[in-house]
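The UniProt record's numbering puts the first residue of the sequence shown at 1, with every later residue one more than the last.
Using N, Cα and C, we set each Cβ at its ideal position, and we do this for glycine too.
Predicted, not measured: the structure shown is a model, and the values here were computed from it.
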Amino acid sequence: MLKDLFMGLSQNQLLNSAAKKYGLKLGAQNVVAGTNIEETIKSIKELNSHGISCTVDNLGEFVYEKEEATEAKEQILKVIDAIHENDVDAHISLKPTQLGLDIDYTFCLNNLEEIVDRASKYNIHVNIDMEDNSHLQPSFDLLDELSRNYDNVGTVIQAYFYRAEEDIQKYKNFRLRIVKGAYKEPKEFAYQEKKEIDENFIKLIEWHLLNGKFTSIATHDHNIINHVKKFVKANNIPNDKFEFQMLYGFRREMQLQLASEGYNFCTYVPFGSDWYGYFMRRLAERPQNLNLVVKQVFNK
Ligand code: FAD
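Rendered as C-alpha cells:
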C-alpha cells in the first residue's frame, strides 16, 4: 500500500515542480548530497577519504522541454570538469529522460555524446541509469550508438525484467551495474514477487561476475552482499573485477565497513534541486525511510 502511494507520488509532476522551488525538504537532505556542485565535491572528497569512490547524479526527471534538457547537459558537463579539476575519484550517472529522451531521440543522443566525449577526455566513466520499461529499449539503443566511438560508457541491468538475462549476455563486455529495479512495472514485463526478483538478481550477478567485464553490485541488501562475498571467494574472483554500490545516506556504517574490508565500494551521490522523484522512490522501496521524514518534521 505505502509502496504504491509513494510510487504514485514520485510521478506527480505538480509536486515535483513545487519541490524544486522550495529546496531540500522532508529529510531529503539526508539522502541528497547537496544542491550545487561545490557542496557535492565536498561530499565526494569526504567519501574518497574513506577509500570510497563515487558516481554522481545531477538529479532530474520529467523533462519535456529542450531548454531544460540543455540546462541539465550543461550542468553535467560542469560536474565532469569539477571532477577533473578537483582530482576526485568519481564518475557520472545520468538519466536519458533528463537529457531529452521524451522529446526527441536524436536530440538526446547528441546531448549524451557531448557528455561522453568530454568525460572520455578525462578518462571518466559515464553510466546510463535505467528508468521504466517504456525507456528501456531506447536507452540500450543510445548505449549501442555511443559505444561505437567510446569505451567509457556502461549501463544498468534491472533484475525484475524478464528480458534481463538476454540483455546481460548481450552487454557482458560493458561495465554493468546490476540492481533489483526501482519502478513499478506490470507483470507483462517484470517479476512481481520479492523472492523471484532476488533469485534473478543473484543469478545475474553470478553470471556477470564469471563472464562479464566489471560488475557493480548495487544493493543495500545484506543477504545479497553476504552471498556475493562467499561467491567471489569460492570462485577466486579478484576484487578488481567488481564493486559494491549503495546510495548516499543509506547504511553508511556498512558502506565504510565494506570499504575497510578491502572491497571496491562506490557511493551513488545524487545532487541538485530536482530531488522529489528520487526521494519518493526511496520511500516506496523502504517505508522505514519515512523515519527520515518524521525526524525532520519533529526536529523543527
Ligand atoms: P531491498 O530489496 O530494498 O531491501 C532488502 C533488505 O535489505 C530489506 O528487507 C532490509 O532488510 C535491508 N535494507 C535495505 N535497505 C536498508 C536500509 N537503508 N537500512 C537497513 N536495512 C536495509 N534502480 C533502477 O531501476 N535503475 C537504476 O539505474 C538504479 N540505480 C541504482 C544505483 C544504486 C547505487 C543503487 C543502490 C540502487 C539503484 N537502483 C536503481 C535501485 C534499485 O533497483 C532498488 O530499487 C533499490 O536499491 C532497493 O533494493 P535493494 O537491493 O537495495 O534492497
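Using 10 angstroms around the beta-carbon of residue i, count the other beta-carbons present and answer buried if the total reaches 16, otherwise exposed.
{"i": "P186", "result": "exposed"}
{"i": "H50", "result": "exposed"}
{"i": "H222", "result": "exposed"}
{"i": "D4", "result": "exposed"}
{"i": "R148", "result": "exposed"}
{"i": "Y171", "result": "buried"}
{"i": "D104", "result": "exposed"}
{"i": "Y268", "result": "buried"}
{"i": "Q169", "result": "exposed"}
{"i": "D129", "result": "buried"}
{"i": "Y64", "result": "exposed"}
{"i": "D57", "result": "buried"}
{"i": "Q137", "result": "exposed"}
{"i": "E193", "result": "exposed"}
{"i": "S134", "result": "exposed"}
{"i": "N226", "result": "exposed"}
{"i": "E131", "result": "buried"}
Please go through the same chain and pick out, in chain order, the residues whose beta-carbon is closer than 6 angstroms to the beta-carbon of residue i, but skip the five residues on each side of it.
{"i": "E113", "result": "none"}
By Cβ distance below 7 angstroms, which residues in the same chain neighbour residue i in space, the five residues on each side in sequence not counted?
{"i": "R286", "result": "none"}
{"i": "L258", "result": "F244 and F265"}
{"i": "K66", "result": "G100, I103 and F107"}
{"i": "S93", "result": "T55, V56, D57, N127, D129 and Y268"}
{"i": "G262", "result": "N239"}
{"i": "K300", "result": "Caution is warranted here: a pLDDT of 39 is assigned to K300, below 50, making its placement in the model unreliable, and no coordinate value can be reported."}
In chain order, what residues of the same chain have a beta carbon less than 8 angstroms from the beta carbon of residue i, not counting five sequence neighbours either side?
{"i": "L209", "result": "T215, V228, F231, V232, N235, I237, K241 and F242"}
{"i": "F298", "result": "Here F298 scores only 48 on pLDDT, less than 50, and its place in the model is too uncertain to base an answer on."}
{"i": "H84", "result": "Y122 and I124"}
{"i": "E39", "result": "A33 and F271"}
Indicate whether residue i and residue j have their beta-carbon atoms separated by less than 7 angstroms.
{"i": "R175", "j": "K213", "result": "yes"}
{"i": "I157", "j": "D167", "result": "yes"}
{"i": "Q98", "j": "G60", "result": "yes"}
{"i": "R251", "j": "A182", "result": "no"}
{"i": "I52", "j": "K78", "result": "no"}
{"i": "A33", "j": "F189", "result": "no"}
{"i": "D89", "j": "N48", "result": "yes"}
{"i": "I44", "j": "C54", "result": "yes"}
{"i": "S273", "j": "T35", "result": "yes"}
{"i": "N152", "j": "S120", "result": "yes"}
{"i": "L109", "j": "E145", "result": "yes"}
{"i": "K184", "j": "A159", "result": "no"}
{"i": "P96", "j": "L142", "result": "yes"}
{"i": "V31", "j": "G277", "result": "no"}
Strictly by DSSP, which residues pair up with residue i?
{"i": "N268", "result": "Inspection of the sequence shows that residue 268 is occupied by Tyr rather than by Asn. Answer is T55 and L247."}
{"i": "N127", "result": "S93 and G154"}
{"i": "I217", "result": "I178 and F244"}
May I have a chain-ordered list of the beta strand (DSSP E) segments no shorter than 3 residues that lie completely inside the region 144-214? 153-158 and 175-179
Whole alpha helix (DSSP H) elements within the region 60-108, 4-residue minimum: 66-86
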